[in-house]
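**Student:** Numbering (UniProt numbering), first residue to last: 1 to 187. Backbone N, C-alpha and C fix where the C-beta goes; we use that ideal spot for every residue, glycine too. On a predicted model such as this, the values are computed, not experimentally measured, just so you know. Can you keep this structure in mind? I'll have questions shortly.
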């Protein structure tokens, strides 16, 4: 079946934006939430102080919805290169915008450069013992006994093969000699 993609010529994002991709994103959100025990935000954020939240690259919006429920008094904005599908009911404080965060005009009250300054902000706020906690991911077919990690491993083993195929199908046709037969063999 023919896949559909965003039409923003300034973006290098190569994955599709159709129903099969929405399904993959939903599964991805579930397994990642599972390995984080349903706690997507790990920072010590005081809920009443949260006024605005921007979820960049929100996909189908599960994290945006989570943030809207966790911070019901905040204005929560999901931003994606493609239109966000109506997969679920959204909290009233959640809205979605379509656009490329790298090229779009500023949104009143939201600062797109915050990610680059987050480390300094944490220092300025008095955080002195910030640690990264990488999540481990088994390789070589070894399965975890924990069900959440097992689901994550199963997702990676199946979905990533498909994602790599989608990327190759999007990028390789521009190469000389990239016939459908060659693409099939590579995928």
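If I follow the unbroken alpha helix (DSSP H) through residue 28, where does it start and stop?
**Tutor:** As a working note, residue 28 is residue 28 in the chain shown. That run of the alpha helix (DSSP H) goes 19 to 35.
**Student:** Give the C-beta separation of residue 27 and residue 167 to the nearest angstrom, bearing in mind that I take them to be a contact with Cβ-Cβ under 8 angstroms.
**Tutor:** Within the chain shown, numbered from 1, the residue matching residue 27 stands at position 27. Within the chain shown, numbered from 1, the residue matching residue 167 stands at position 167. With a beta-carbon spacing of about 18 angstroms, residue 27 and residue 167 fall beyond the 8 angstroms limit used to define contacts.
**Student:** Going by C-alpha distance, which of 163, 150, 181 is nearest residue 36?
**Tutor:** Against the chain shown, residue 36 aligns to sequence position 36. Restricting attention to 163, 150, 181, the CA atom closest to the CA of residue 36 is found in 150.
**Student:** Taking C-beta to C-beta, are residue 65 and residue 90 nearer than 8 angstroms?
**Tutor:** Against the chain shown, residue 65 aligns to sequence position 65. Against the chain shown, residue 90 aligns to sequence position 90. Yes. Within cutoff.
**Student:** For residue 72 versus residue 93, is the C-beta distance shorter than 8 angstroms?
**Tutor:** Here the question's residue 72 lines up with position 72 in the chain shown. Here the question's residue 93 lines up with position 93 in the chain shown. Yes, the pair counts as a contact, with Cβ atoms nearer than the cut-off.
**Student:** Could you check what DSSP says for residue 45 in three-state terms: helix, strand or coil?
**Tutor:** For the purposes of this step, residue 45 is identified with residue 45 of the chain shown, where counting begins at 1. Reduced to three states, the DSSP call for residue 45 is coil.
**Student:** Could you pull out every residue in the same chain whose Cβ sits closer than 7 angstroms to the Cβ of residue 40, ignoring the five residues on either side in sequence?
**Tutor:** Along the chain shown, one-based indexing puts residue 40 at 40. Contacts found: 33, 63, 66.
**Student:** Helix or strand or just coil, what does DSSP make of residue 15?
**Tutor:** Taking the chain shown and counting its residues from 1, the one referred to as residue 15 is at position 15. Three-state DSSP puts residue 15 in coil, outside helix and strand.
**Student:** To the nearest whole angstrom, what separates the beta carbons of residue 79 and residue 59, a pair I think is in contact under 8 angstroms?
**Tutor:** Taking the chain shown and counting its residues from 1, one reaches residue 79 at position 79. Taking the chain shown and counting its residues from 1, one reaches residue 59 at position 59. Between residue 59 and residue 79 the Cβ distance is about 10 angstroms, and since that is not below 8 angstroms, they are no contact.
**Student:** I'd like the span of the alpha helix (DSSP H) that includes residue 63, first residue to last.
**Tutor:** In the chain shown, the residue the question calls residue 63 occupies position 63. According to the DSSP assignment, residue 63 belongs to the alpha helix (DSSP H) that extends over 62 to 70.
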